[in-house]
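Under the numbering used here, the first residue of the sequence shown is numbered 45, with each subsequent residue one higher.
We treat Cβ as the ideally placed atom computed from N, Cα and C, and that holds for glycine.
It should be emphasised that the depicted structure is a prediction, and the values quoted were computed from it without experimental measurement.
Just below is one structure, and these are the notes that go with it.
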Amino acid sequence: MLLVTGVSGALGSLVAERLDGRDDVVLGTRAGLPGTRRLDFDAPETLPEAFAWVDTLLLISAGHGEDDTVVTRHEAAISAAERAGVRHVVYTSLSGDGDHLTYALAHRWTERRLRHSTALDWTILRNGLYAELLTWIAAPDADNRITGPLGDGRLAAVARADLADIAVSVATDPASHRNRVYELVGERPLGGADLATALGATYAPGTLADARTAVAASGAAPFQVPMLASTYSAIAHGFLDGTGVESDLRTLLGGREPLDALDVFVQAVREG
């Protein structure tokens, strides 16, 4: 039996769609909605029942929170999996070039925790940042200007749908991917000027300080301000353009062409 966590999130919902109707798959949600098991990492008492009869766990990162919160959630999930007799955990992590991001620590901690487990096999899917994320950090303003401080940097963005396809493929055949780490970054890095040209907009990058102020004023949670600022900074300074990363994206897509991240960005912006 395969258990999928995080199905109310953006990536998890796509995974759930692809697995719909399979009798060897169960979905976990905080609320325990009809057709799902209640699975709340912040309520460890829900985990033993949620993990019953599960052989493979697709652990979609619970990455929205401070590091100690996310680590506590992942520790609860992995420990419960070990106690329940789960054999294999597939974890959606962060690409290897993302260590300059403030949210990398919890991912690397979780990878280390899985490697040190004596009870579990594991597979780590190091996902690149979503092409859809660019609609949050580099969408045109009311004057049709992209002002996100991306500098001259580029992002090797990945379509979320491609990552969902890979997660399903790996989690439904985990033995073929035992104790493997896969890097899943895009093949064509995108810069601010590329995004602006595709939309007929102007690229006029602002400063990191301006971006931090704007994010803080938007009502974002305190931990989200450094998260977004570090994302801008890592892109602007050339750490997320895929240089030096040997991507497994095309291989795990069965050799098919990855979705064009620029097309995904443009469509997401136009759909609002």
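{"Check": "For His-132, collect the residues of the same chain with a Cβ closer than 8 Å to its Cβ; drop the 5 residues on either side in sequence, then sort them by chain order.", "Outcome": "Asp-99, Thr-100, Leu-101, Leu-164, Asp-165, Trp-166, Thr-167, Pro-218, Ala-219 and Arg-222"}
{"Check": "With DSSP collapsed to three states, give me the class of Leu-303.", "Outcome": "coil"}
{"Check": "On the criterion of 16 or more Cβ atoms from any shown chain inside 10 Å, does Arg-232 qualify as buried, or is it exposed?", "Outcome": "exposed"}
{"Check": "Let me check one thing: in DSSP terms, what residues is Tyr-174 bridge-paired to?", "Outcome": "Val-202"}
{"Check": "Could you have a look at Gly-235 and say whether DSSP puts it in helix, strand or coil?", "Outcome": "strand"}
{"Check": "Helix, strand or coil: which one does DSSP assign to Ser-274?", "Outcome": "helix"}
{"Check": "Unbroken alpha helix (DSSP H) runs of length 4 or more, entirely within the region 59 to 140: which are they?", "Outcome": "91 to 94 and 111 to 128"}
{"Check": "Under 8 Å Cβ to Cβ from Ser-57, same chain only, skipping five residues before and after it: list those, please.", "Outcome": "Val-51"}
{"Check": "Compare the beta carbon distance of Leu-138 and Asn-171 with 8 Å and say whether it is the shorter of the two.", "Outcome": "yes"}
{"Check": "From the DSSP output, in three-state form, read off Asp-196 for me.", "Outcome": "coil"}
{"Check": "Leaving out five residues on either side along the sequence, give the residues of the same chain with a beta carbon under 6 Å from the beta carbon of His-151.", "Outcome": "Ser-137 and Leu-138"}
{"Check": "Suppose the cutoff is 6 Å on Cβ atoms and the five residues either side in sequence are ignored; what does the same chain contact list for Ala-200 look like?", "Outcome": "Gly-172, Val-229, Gly-230, Pro-233, Asp-285 and Gly-286"}
{"Check": "Considering just the uninterrupted stretch of the alpha helix (DSSP H) at Arg-159, what are its terminal residues?", "Outcome": "148 to 160"}
{"Check": "Would you kindly report the start and end of the unbroken beta strand (DSSP E) that includes Leu-228?", "Outcome": "224 to 228"}
{"Check": "Just to confirm, are Thr-317 and Tyr-135 a CB contact at a threshold of 8 Å?", "Outcome": "Lying outside 45 to 316, the shown extent of the chain, residue 317 is not represented and no answer is given."}
{"Check": "Using only the alpha-carbon positions, how far apart do His-160 and Leu-194 sit?", "Outcome": "37 Å"}
{"Check": "How big is the Cα-Cα spacing for Asp-209 and Val-59?", "Outcome": "7 Å"}
{"Check": "Taking DSSP as the reference, what is the three-state secondary structure of Leu-55?", "Outcome": "helix"}
{"Check": "Report back the beta-carbon spacing between Gly-192 and Ala-255 to the nearest angstrom; my notes put them in contact at under 8 Å.", "Outcome": "7 Å"}
{"Check": "Under the rule that 16 or more other beta-carbon atoms within 10 Å means buried, what is Arg-156, buried or exposed?", "Outcome": "exposed"}
{"Check": "Tell me which residue opens and which closes the alpha helix (DSSP H) that Val-48 is part of.", "Outcome": "Counting along the chain, Val-48 falls outside any alpha helix (DSSP H), though it belongs to the beta strand (DSSP E) covering 46 to 48."}
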